[in-house]
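Numbering (the working numbering), first residue to last: 6 to 612. Here's the structure we're looking at; comments come further down.
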């Protein structure tokens, strides 16, 4: 029997891993992929809350002699999600044997295995296994914590509790959202230990292990003091450290929503939930909840508190890419589904005829295995990123669009983050100076500008210093005037353009449908915006400027066999927008034949 458990444990790791590997992204993706890759490679400081645990583990994976850097970091995500599946399998084995008293161990292991497969192919979890992100490590820590909690609840070993507290503290070093585990852990410890937990020796031991785990955050001030390439927030002093780890700049989106918005967020969660678990799996989850209430109310309340805490945290945080924040709720739901499977197995044990009992159990097991296959088949198209190179291509095409020693201004993170990877991992086009002006609203970013673009910094030093004085007031919660900050900001960005215009080609980068009011403020009235490739070049006269339109890498853009989410589709529409602008520009200057050639060459993109 033990051999069966080992084999199925291995399969719970390997089978999803094969699928994840075959659907893994070959290049950086949009959002934070490029930035996180650079941070891991250079041991930098990532965006808030810094993610020191991910950075250090990621650095180790970048040293593997396998593929390129992005492959190694994607492999890290794959491994972490596979172990998350394993912890689900092991947790269900514990529940089935010790809490539900399922007698047939083969059914215990088989039911746990099928439940792990069902969870493995849910779209939100799957999406995290195929790209480099911080969320795979977050759900890994959470699943490990849940497994250790169940193991400790069964064995009552204080050493296990110390390990549990240490792992939980360590999880903070990856993502501060793990705070929502705290209510459920406190509940479990109190009902298990009761008054014993308040003995000073135990409290001091647990506190020591918690502090040991949380010390991983010392990485941030230590490394920040060494001025790494990316030093987001510069958490080298106490004030900056607290602002960074607390996600101060994101707090405008946290726990500040109206009741109406909370209802919308809750509705969105239920839509997302149903996307993970069709109705037949939800029925199994309710059966599992019933079994838990009947057999072990402690575990039921532990799971329920955890589910509701995660839900409460998630719906109170309004960001576009919120889906991974609900992974713990989906993990708990999968435990309920597994419990529901065991409930059906318990019903079959009432069948007196042995052969009939075996056949019925086999049919049920096959049905649940079929549900896992349905998850796999139904989600494969959307989760297959094996041909998704759009973020890499777009950043590369921007670089193909500009002249040597160009200065590009952008406020599009989805363009800038992939460029970071191209520039600092692949060393592509080091002559180009790419500035994300939205990052330039933070004081820490000027150290980067001064280090990487000293000539730009020197030319605009006066405007930068004047703006920094105003930002200091804002960041340190001192009295400030918003209109003064905005005026100084515009003056600074305009100085980037005006003071570099005589010596360097100046461009700005947008995404179609983006709010351009702030961009237009940067550009002086006497400047003309000329569409060149995927960017606009700024000129001070109305003369016609010939331009050799670049050979854009457009692979897959019109391929309907490659899934493109809403974010990707929005960005890809910029190709059409910029090419149409170039055609209009050419026709305005009577270059009809050149316009026609461009139209014919990229006609398929003009949607």
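Note that CB positions come from ideal geometry on N, CA and C, so glycine has one too.
How big is the Cα-Cα spacing for residue i and residue j?
{"i": "residue 603", "j": "residue 581", "result": "12 Å"}
{"i": "residue 140", "j": "residue 129", "result": "10 Å"}
{"i": "residue 377", "j": "residue 309", "result": "24 Å"}
{"i": "residue 460", "j": "residue 179", "result": "36 Å"}
{"i": "residue 240", "j": "residue 171", "result": "24 Å"}
{"i": "residue 621", "j": "residue 372", "result": "The requested residue 621 does not occur in the structure, where the chain is confined to residues 6 to 612."}
{"i": "residue 147", "j": "residue 39", "result": "25 Å"}
{"i": "residue 486", "j": "residue 492", "result": "10 Å"}
{"i": "residue 301", "j": "residue 289", "result": "17 Å"}
{"i": "residue 336", "j": "residue 93", "result": "8 Å"}
{"i": "residue 448", "j": "residue 84", "result": "37 Å"}
{"i": "residue 671", "j": "residue 186", "result": "Outside the displayed span of the chain (6 to 612) sits residue 671, for which this structure offers no information."}
{"i": "residue 476", "j": "residue 490", "result": "7 Å"}
{"i": "residue 357", "j": "residue 101", "result": "21 Å"}
{"i": "residue 90", "j": "residue 266", "result": "33 Å"}
{"i": "residue 168", "j": "residue 214", "result": "8 Å"}
{"i": "residue 318", "j": "residue 193", "result": "20 Å"}
{"i": "residue 606", "j": "residue 559", "result": "11 Å"}
{"i": "residue 273", "j": "residue 482", "result": "34 Å"}
{"i": "residue 269", "j": "residue 69", "result": "44 Å"}
{"i": "residue 145", "j": "residue 63", "result": "14 Å"}
{"i": "residue 438", "j": "residue 415", "result": "11 Å"}
{"i": "residue 497", "j": "residue 238", "result": "20 Å"}
{"i": "residue 199", "j": "residue 37", "result": "44 Å"}
{"i": "residue 217", "j": "residue 31", "result": "37 Å"}
In the DSSP assignment, what residue or residues form a beta bridge with residue i?
{"i": "residue 534", "result": "543"}
{"i": "residue 90", "result": "For residue 90, which the question treats as bridged, DSSP gives no partner whatsoever."}
{"i": "residue 413", "result": "439, 512"}
{"i": "residue 50", "result": "236"}
Mark residue i as exposed unless 16 or more other C-beta atoms lie within 10 angstroms of its C-beta, in which case mark it buried.
{"i": "residue 328", "result": "buried"}
{"i": "residue 595", "result": "exposed"}
{"i": "residue 440", "result": "buried"}
{"i": "residue 488", "result": "exposed"}
{"i": "residue 411", "result": "buried"}
{"i": "residue 505", "result": "buried"}
{"i": "residue 593", "result": "exposed"}
{"i": "residue 390", "result": "buried"}
{"i": "residue 161", "result": "exposed"}
{"i": "residue 367", "result": "exposed"}
{"i": "residue 514", "result": "buried"}
{"i": "residue 150", "result": "buried"}
{"i": "residue 562", "result": "buried"}
{"i": "residue 279", "result": "exposed"}
{"i": "residue 587", "result": "buried"}
{"i": "residue 281", "result": "buried"}
{"i": "residue 17", "result": "buried"}
{"i": "residue 608", "result": "exposed"}
{"i": "residue 510", "result": "buried"}
{"i": "residue 520", "result": "Caution is warranted here: a pLDDT of 49 is assigned to residue 520, below 50, making its placement in the model unreliable, and the coordinate value is therefore given only provisionally. Looking at its Cβ environment, which holds fewer than 16 other Cβ atoms inside 10 Å, residue 520 is exposed."}
{"i": "residue 573", "result": "buried"}
{"i": "residue 666", "result": "Here the chain comprises residues numbered 6 to 612, so residue 666 is not present and cannot be evaluated."}
{"i": "residue 35", "result": "buried"}
{"i": "residue 79", "result": "buried"}
Check whether the Cβ atoms of residue i and residue j lie closer than 7 Å to each other.
{"i": "residue 173", "j": "residue 96", "result": "no"}
{"i": "residue 57", "j": "residue 221", "result": "yes"}
{"i": "residue 417", "j": "residue 235", "result": "no"}
{"i": "residue 88", "j": "residue 77", "result": "no"}
{"i": "residue 253", "j": "residue 293", "result": "no"}
{"i": "residue 539", "j": "residue 321", "result": "no"}
{"i": "residue 388", "j": "residue 157", "result": "no"}
{"i": "residue 1", "j": "residue 528", "result": "The question about residue 1 has no answer here: the residues shown for the chain are numbered 6 through 612."}
{"i": "residue 433", "j": "residue 427", "result": "yes"}
{"i": "residue 374", "j": "residue 119", "result": "yes"}
{"i": "residue 316", "j": "residue 305", "result": "no"}
{"i": "residue 537", "j": "residue 552", "result": "yes"}
{"i": "residue 33", "j": "residue 86", "result": "no"}
{"i": "residue 226", "j": "residue 246", "result": "yes"}
{"i": "residue 112", "j": "residue 295", "result": "no"}
{"i": "residue 380", "j": "residue 123", "result": "yes"}
{"i": "residue 615", "j": "residue 400", "result": "Shown here, the chain extends from 6 to 612; a query on residue 615 therefore has no answer."}
{"i": "residue 219", "j": "residue 177", "result": "yes"}
Practice problem: Can you check the stretch 127-183 for any beta strand (DSSP E) of at least 3 residues that lies completely inside it and give the ranges in chain order? | Solution: none
Quiz item: Fully enclosed by the stretch 194-230, which alpha helix (DSSP H) runs are 4 residues long or longer?
Solution: 205-219, 224-229
Self-check item: Contiguous alpha helix (DSSP H) assignments of at least 4 residues, all confined to the stretch 301-356
Solution: 302-320, 332-353
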